[in-house]
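**Q**
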Amino acid sequence: MPRRRPCRENGGIDNARLAARTEDRKMPGTGGTALLSDASRQNASEAPMILVVDDDDPVRVMLARLLRTQGYAVVQAANAEQARGSLDPRRPDLVISDIVMPGESGIELRRAIAQRWPELPVILISGYSAEGPAEFAARTPNTTFVQKPFAADQFLALVEQTLATSFARSPLELQG
């Protein structure tokens, strides 16, 4: 079972309850132990793709790792410019972005994404004052604001809910 680390060491992510959501299993043929979740067993090609944007490497890596344990495909970007480049090959199913970053902010990135894909859900995160970003998220469709620190299990529930709502809204694409 992973050792619980204080929120501050994990970029504001409390992983205490995450450990309870994973199983300790022997991997066949390896003799080793790996942490698996039910979601991580699904086919990677069917997994929703999430773009994680954060200039703070430990936070970005921790979020990516957290999401991968649940079976999501994750693409990482260290800033808004990299994120824009990641948007070209494949549209993600969800974008999770820090707000305060050098250069273009997460809010500016959200506005740019909305011009191209207004229905694409975005979760904005920040450890700074929540008043302005929370108001922006409240008046911007498909946008949610999360204040750091946050509990991993609550964040994962938000991701799952956001994706479920997004997929329910998306028109069905029929192939002819």
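Per my numbering, the sequence shown starts with residue 753, numbered consecutively. Yeah, the Cβ is synthetic: ideal placement off N, Cα and C, and Gly gets one too. All of these numbers come straight from a predicted model, not from anything done at the bench.
#1: For residue 830, which residues in the same chain have their Cβ closer than 6 Å to its Cβ, ignoring the five residues on either side in sequence?
#2: Cα separation between residue 858 and residue 905?
#3: From this set, 886, 856, 819 and 895, which residue's C-alpha is nearest residue 912's C-alpha?
#4: Once the 5 residues before and after residue 835 are set aside, which same chain residues still bring their CB inside 8 Å of it?
#5: When we look at the beta-carbon of residue 919 and count the other beta-carbons within 10 Å, is it buried (16 or more) or exposed?
#6: Quick check for students: name the residue ranges of the alpha helix (DSSP H) that lie wholly in the stretch 846 to 870, counting only runs of 4 or more.
#7: What does DSSP give as the partner residues of residue 814 in its beta bridges?
#8: Tell me which residues share the same chain as residue 838 and place their Cβ nearer than 8 Å to its Cβ, disregarding the 5 neighbours each side in the sequence.
#9: Report the residue from 910, 855, 884 and 893 whose alpha carbon sits nearest the alpha carbon of residue 865.
#10: Alpha carbon to alpha carbon, what distance is there between residue 891 and residue 871?
#11: Determine the DSSP secondary structure at residue 872, reduced to helix, strand or coil.
#12: Could you compute how far the alpha carbon of residue 809 sits from the alpha carbon of residue 867?
#13: Classify residue 824 as buried or exposed, calling it buried when 16 or more other Cβ atoms lie within 10 Å of its own Cβ.
#14: Is residue 876 a contact residue of the ligand PLP, with contact defined as CB to any heavy atom under 8 Å?
#15: Quick one: give me the first and last residue of the alpha helix (DSSP H) that residue 825 is part of.
#16: Determine the direct distance from the alpha carbon of residue 914 to that of residue 799, and round the result to whole angstroms.
**A** With the structure as the only source:
#1: 807
#2: When rounded, the distance between both Cα atoms is 23 Å.
#3: 819
#4: 803, 805, 829, 847, 849 and 861
#5: exposed
#6: Listed in chain order, they are 858 to 868.
#7: None, per the DSSP bridge assignment.
#8: 803, 827, 829 and 844
#9: The shortest Cα separation from residue 865 among 910, 855, 884 and 893 belongs to 893.
#10: 14 Å
#11: coil
#12: 28 Å
#13: buried
#14: By its list of ligands, the structure shown contains no ligand whatsoever, and the ligand PLP lies outside what it can speak to.
#15: Here residue 825 belongs to no alpha helix (DSSP H); instead the beta strand (DSSP E) covers 825 to 829.
#16: 14 Å
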